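These notes concern the structure reproduced below.
Structure below.
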């Protein structure tokens, strides 16, 4: 921004120029006293125009920080400046604005004044805040989803482990049950007990030779243990008979 002063104009010449601007505008002297303010700036500051004309910028501030900022700006009176700042409002709040200040000459003999224009950027700041809030919310949701995904994966792993352990327990229980039945058969007929073990081994061996995976072949062998379990319900007299079975006894034997 250039510091070259425009040609000197009277205050009466500056007034219509400022009033025609769509942004807020004011002429301020070196002491910070407002020589003229347009309607738009008065509206932005929520004060009547006649209350602002003749008022000092420092006295319009409500906090020490705001007063210090105005004094710092006036210290660079002859330097063109553009910055984001705030306008103090009567209720103690502040309006965010972009301020452009440039030295000008007014009157005869010319008096050094400063032309200050201000653009309300509160809508922009609100939009920026909403974007920041939305971004923060997205980050929070993403982190939550990620945490839940990790927890779900860990839970899935624990559940899978428990299912595997329970499956092994059930498998072992089934195998134990089959062996108990085999033992029960063996208790009634010694040949049946040995026969059961032979069938288990034979079934497993045949399954492997047929190309069946070892795990499945082992299961087939274990299942084969039960093929003669029905003999438990065959009377001992038939199972232990030393000679040939009668037709009735044979029929009963075949029901196993």
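Residue numbers (the working numbering): 13 to 268. In this text, a Cβ means the ideal position worked out from N, Cα and C, and glycines have one as well. Please read these numbers as outputs of a predicted model, since none were measured by experiment.
Q) Starting from residue 40 and walking both ways along the beta strand (DSSP E), at which residues does that stretch end? A) Residue 40 -> beta strand (DSSP E) spans 36–40.
**Q.** Residues that DSSP places opposite residue 151 in a beta bridge
**A.** In DSSP, residue 151 forms no bridge with anything.
Q: Just the C-alpha distance for residue 210 and residue 161, rounded to the nearest angstrom, thanks.
A: Spanning the alpha carbons of residue 210 and residue 161 requires a straight line of approximately 51 Å.
Q: Going by CA-CA distance only, name the one from 218, 237 and 220 that's closest to residue 192.
A: If we check each option's Cα against that of residue 192, 237 comes out closest.
Q: Report yes if the CB atom of residue 45 is closer than 9 Å to the CB atom of residue 54, and no otherwise.
A: Cβ atoms of residue 45 and residue 54: not closer than 9 Å.
**Q.** DSSP three-state assignment for residue 222, whether helix, strand or coil
**A.** Residue 222 falls in the coil class under three-state DSSP.
Q | Simplified DSSP state of residue 46, which is helix, strand or coil | A | If DSSP states are grouped into helix, strand and coil, residue 46 belongs with the strands.
Q.
Looking only at its chain, what residues have a beta carbon closer than 7 Å to the beta carbon of residue 89, apart from the 5 residues adjacent to it on each side?
A. Sequence-distant Cβ neighbours of residue 89 in its own chain, meaning closer than 7 Å and more than five residues away, are 42, 115 and 126.
Q: Please report how far the alpha carbon of residue 135 lies from the alpha carbon of residue 143, in whole angstroms.
A: Straight-line spacing of the CA atoms in residue 135 and residue 143 works out to 12 Å.
Q) Is residue 61 helix, strand or coil when you go by DSSP? A) Three-state DSSP puts residue 61 in a helix.
Q. The alpha helix (DSSP H) spanning residue 100 covers which residue range?
A. Annotation: residue 100 is outside any alpha helix (DSSP H); the continuous beta strand (DSSP E) that includes it extends over 93–100.
**Q.** Contacting residues, own chain, Cβ-Cβ under 7 Å from residue 35 (five flanking each side not counted)
**A.** Hits under 7 Å: 52, 129, 130 and 131.
(Q) Below 8 Å on the Cβ atoms is my contact criterion, and I expect residue 58 with residue 30 to pass it. Report the Cβ-Cβ distance as a whole number of Å. (A) Incorrect: roughly 19 Å between the Cβ atoms, too far for contact.
Q. Is the distance from the Cβ of residue 233 to the Cβ of residue 249 below 9 Å?
A. For residue 233 and residue 249, no; Cβs fall outside 9 Å.
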